[in-house]
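Counting from 16, one number per residue, gives the positions in the sequence shown under the working numbering.
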Amino acid sequence: MRTVKLNTGVVINFDDKDNMLKVTSPYVKGKPIKMSILQYMRLKIKAIIDCSTDLCGNRGQMEKLNN
16 MRTVKLNTGV VINFDDKDNM LKVTSPYVKG KPIKMSILQY MRLKIKAIID CSTDLCGNRG
76 QMEKLNN
């Protein structure tokens, strides 16, 4: 297992096969956050989906396309 610390303060842990296991970020008030890569990607994908349907005002158009 190896650990890489980026110049931004983010720490990434890798296993022996270079798969990311954990990301630690100091940019949260209070204590640093630790989450798995799968949880991080789920949150990023959810944010992209929410942006494409909510923020742009196209929710009705997106629902029409899905039906």
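Quick reminder that beta carbons are idealized off the backbone N, C-alpha and C, glycines included.
DSSP, reduced to helix, strand and coil, places residue 16 outside both helices and strands of the structure shown, so it counts as coil.
Residue 26 and residue 55 have their C-alpha atoms spaced approximately 14 Å apart. Between the C-alpha atoms of residue 18 and residue 65 there is a straight-line separation of about 32 Å. Residue 65: member of the alpha helix (DSSP H) spanning 52–65, first to last residue.
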